[in-house]
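Residue numbers (the numbering used here): 23 to 207.
For glycine and all other residues, C-beta sits at the position ideal for the given N, C-alpha and C.
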Ligand code: AMP
């Protein structure tokens, strides 16, 4: 199974992605996590990405696309995966289409959430995890970019008949149950 999870920052994508991956036995591929891993390991890619992440901007495609292509070629992605955080732009959709070739995505899951609620969640997360891209100003910029560049992707995937929308508000267990039902139907 090849899935994509979408939703604004703070909608709970990362948490739900872990649940979906363990339920369906597929690999979680999060571009944000890959950038943070590179940063922790001190790679050149991580240093480059940090400049953009700290400002809430998108990392350039010249860095991002190659990283995703390499990750999709890893052995653990062969049996299925859940992409989380990629694609984020129409241009990245085209790149991904090229990478997937004759075996495209099976479903695109959109977690919907109210802006006020996601801002609240992100501020709590900033305090808990100390992420340098969770300051109020950067949070605002990330939500703005999502609305401008990433939200339009849902219409694109809807037109392909792939979109499944799930309400992201509620307890983790409630949202997981909704997603599970939606993916099995
Ligand atoms: P996330 O953990 O998904 O919220 O991603 C954290 C940050 O990583 C984003 O704010 C971007 O700076 C960067 N990032 C993650 N995925 C992408 C992507 N597909 N394209 C560009 N930048 C990305």
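Checklist entry - In chain order, which continuous runs of the beta strand (DSSP E) of length 3 or greater are located wholly inside the segment 60–107? => result 103–106
Checklist entry - Does the beta-carbon of residue 115 have 16 or more other beta-carbons within 10 angstroms, so that it is buried, or is it exposed? => result buried
Item to check | Where the beta strand (DSSP E) containing residue 26 begins and where it ends | outcome: 24–28
Checklist entry - What residues are listed by DSSP as bridge partners for residue 161? => result Among the bridge pairs identified by DSSP, residue 161 is matched with none.
Checklist entry - If you measure from the CB of residue 65, is any heavy atom of the ligand AMP nearer than 7 Å? => result Not so, every heavy atom of the ligand AMP lies at least 7 Å from the Cβ.
Checklist entry - For the beta strand (DSSP E) that contains residue 49, what are its first and last residues? => result 49–52
Checklist entry - Short check: CB of residue 27 to CB of residue 94, under 8 Å? => result no
Checklist entry - Per DSSP, residue 132 is paired with what? => result According to DSSP, which records beta bridges pairwise, residue 132 is partnered with 28, 187.
Item to check | residue 174 - DSSP class collapsed to helix/strand/coil | outcome: helix
Item to check | Pairwise C-alpha distance: residue 85 and residue 69 | outcome: 11 Å
Checklist entry - Whose C-alpha, out of 104, 73, 56, 24, is nearest the C-alpha of residue 41? => result 104
Checklist entry - In whole angstroms, what separates the C-alpha of residue 164 from that of residue 31? => result Near 7 Å, if we compare the C-alpha coordinates of residue 31 and residue 164.
Checklist entry - How close, in whole Å, do the beta carbons of residue 61 and residue 71 come, if the pair is a contact with beta carbons under 8 Å? => result That belief holds up - the Cβ atoms of residue 61 and residue 71 are roughly 7 Å apart, short of 8 Å.
Checklist entry - Start and end of the alpha helix (DSSP H) containing residue 153? => result Here residue 153 belongs to no alpha helix (DSSP H), and DSSP marks it neither H nor E.
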